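In our numbering, the protein residues as written are 562 to 825.
Here it is, written out as structure tokens:
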């Protein structure tokens with residue numbers, strides 16, 4: 562493995578950025594770069610980087626989920642622990658007016674578990690996207706709720722509506738765990754890349770040409786350059802449905818007086 566794991570941190574708020582920098586500085590096997598960006602802003606940051614830049618991306622919640630859908634770099638999520646959620650709930654005990662917990666499923670599941678365990682009577686609302694966040698908060702505001710315990714995206718919407726908020730923040734334990742997972746993920750991914758490179762080399766050194774097609778008949782891999790005519794490549798592409806249905810096919814085509822054997 563490389564001497565240092567290159568980690569791109571995308572934190573939803575400044576406090577998490579500072580915590581990441583502090584904890585990463587205590588490790589000699591990590592090279593960390595951190596930006597602040599929530600949801601779509603985080604995706605924009607991630608989209609500017611490739612596997613050549615970083616070994617793994619570290620982010621949180623919905624931002625991590627969005628990034629994993631667009632980035633080729635492995636993504637490790639900084640999870641909110643029950644202790645992180647409990648800290649926010651304890652802070653809210655000093656608040657006398659009506660409040661609720663609003664968050665994505667990963668947060669509300671843990672919050673519901675804690676409320677059941679500790680017999681807390683707190684209203685909990687689950688959201689799945691940013692549009693639903695605004696709709697939920699406007700309803701709560703009209704019903705007399707004056708504060709919410711929430712994540713970053715809900716926090717910013719609550720402020721716009723004039724509601725108070727307590728942010729669920731990731732504690733030291735959660736960030737330490739995520740850094741450990743990032744190091745492990747980078748090592749695993751590096752091993753997979755090495756294996757893929759090994760098999761690629763074998764295929765390129767193989768004496769025959771190898772064409773790989775997807776189910777739609779689109780070419781996704783070619784082991785080496787070739788001079789076959791379009792008639793040969795079309796024959797291969799057109800045979801994909803039959804090969805998928807029967808498990809294999811061997812056929813022949815004439816290529817300028819040379820008999821070419823094709824097997825799929």
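Quick reminder that beta carbons are idealized off the backbone N, C-alpha and C, glycines included. Predicted model, so just to flag it, every value in this text is computed and none were measured.
What is the rounded straight-line gap between the Cα of residue i and the Cα of residue j?
i, j, result
"residue 582", "residue 759", "36 Å"
"residue 617", "residue 588", "16 Å"
"residue 781", "residue 798", "11 Å"
"residue 705", "residue 690", "23 Å"
"residue 811", "residue 802", "14 Å"
"residue 621", "residue 815", "57 Å"
"residue 784", "residue 772", "7 Å"
"residue 595", "residue 580", "10 Å"
According to DSSP, which residues form a beta bridge with residue i?
i, result
"residue 780", "774"
"residue 725", "708"
"residue 664", "687"
"residue 636", "618"
"residue 596", "571"
Would you mind working out which of the options sits nearest residue i, comparing C-alpha positions?
i, options, result
"residue 724", "649, 644, 701", "701"
"residue 656", "708, 747, 675, 720", "708"
"residue 796", "808, 774, 785", "774"
"residue 641", "661, 584, 696, 711", "711"
"residue 777", "763, 792, 800, 727", "800"
"residue 612", "603, 736, 633", "633"
"residue 532", "597, 607, 733", "Absent from the structure is residue 532, since the part of the chain shown begins at 562 and ends at 825."
Got a sec, what are the start and stop residues for the alpha helix (DSSP H) residue i sits in?
i, result
"residue 796", "791-799"
"residue 812", "Where residue 812 is concerned, there is no enclosing alpha helix (DSSP H), although the beta strand (DSSP E) it sits in stretches over 811-816."
"residue 691", "691-703"
"residue 644", "643-653"
Verify the CB distance criterion: does residue i have a CB-CB separation below 8 Å to chain B?
i, result
"residue 824", "In the structure shown, chain B does not exist; there is a single protein chain."
Starting from the C-beta of residue i, find all residues in its chain whose C-beta is less than 6 Å away, skip the five residues before and the five after it, and write them out in chain order.
i, result
"residue 574", "713"
"residue 669", "685, 687"
"residue 715", "663, 694"
Go to residue i, then tell me how far its beta strand (DSSP E) extends in each direction, as first and last residue.
i, result
"residue 567", "566-572"
"residue 607", "Here residue 607 belongs to no beta strand (DSSP E); instead the alpha helix (DSSP H) covers 601-608."
"residue 612", "It is not in any beta strand (DSSP E) - residue 612 carries neither H nor E in the DSSP assignment."
"residue 824", "819-824"
Cutting at 8 Å between CB atoms, please list the residues of its own chain near residue i, excluding the five before and the five after it.
i, result
"residue 767", "784"
"residue 665", "622, 623, 687, 688, 689, 712"
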